[in-house]
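Numbering (our numbering), first residue to last: 3 to 108.
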């Protein structure tokens, strides 16, 4: 675990006004790879293993679990973009308005 600590956990960042600093004590495990929420889903099998290690889990099986988790997260993310709720949120966030025939209003 010590070899990969900096990859899995980042120092928590604190702000006071316009000045920021990294903590030497507190760590953050939120999206350490790319900053996208899927990072947490990718690394979840590793975090679970670190909380309660077992003898029957190999490195290969752990990496396979991470990959499977990643592909499931990508599939779920893609499926969520096909919902009416997602379309409504994107339209509102971007200020898109539509005419009654469905064409984008400029």
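Don't be surprised by glycine CBs; every beta carbon is placed ideally from N, CA and C.
Where residue 47 falls, given that 16 or more other Cβ within 10 Å makes a residue buried: Position 45 of the chain shown holds residue 47. Taking all protein chains in view, the Cβ of residue 47 is crowded by 16 or more other Cβ atoms within 10 Å, so the residue is classified as buried.
Residue 99 versus residue 76 - alpha carbon distance: To locate residue 99, count along the chain shown from 1; it is residue 97. To locate residue 76, count along the chain shown from 1; it is residue 74. Spanning the two alpha carbons is a distance of roughly 29 Å.
Ordered list of alpha helix (DSSP H) runs contained in the region 43–94, each at least 4 residues: You should have 61–82.
C-alpha gap between residue 101 and residue 85, whole angstroms: Position 99 of the chain shown, counted from the start, is the residue given in the question as residue 101. Position 83 of the chain shown, counted from the start, is the residue given in the question as residue 85. Whole-angstrom Cα-Cα distance: 20 Å.
Burial state of residue 35 (16 or more Cβ within 10 Å): As a first step, residue 35 is located in the chain shown; it is residue number 33 there, counting from the start. Around the beta carbon of residue 35, a 10 Å sphere encloses fewer than 16 other beta carbons of the protein chains shown; the residue is thus reported as exposed.
Residue nearest to residue 32 in terms of C-alpha spacing, selected from 22, 89, 62, 41: On the chain shown, position 30 is the one that residue 32 refers to. A check of alpha carbon separations from residue 32 across 22, 89, 62, 41 identifies 41 as the nearest.
Beta strand (DSSP E) segment containing residue 25, residue limits: Within the chain shown, numbered from 1, the residue matching residue 25 stands at position 23. Element bounds for residue 25: 21–30.
Outcome for residue 3 when other beta-carbon atoms lying within 10 angstroms are tallied against a minimum of 16: Locating residue 3 in the chain shown gives position 1, where the first residue counts as 1. Caution applies to residue 3, whose pLDDT of 49 falls short of 50 and renders its modelled position unreliable; the model cannot decide the point.
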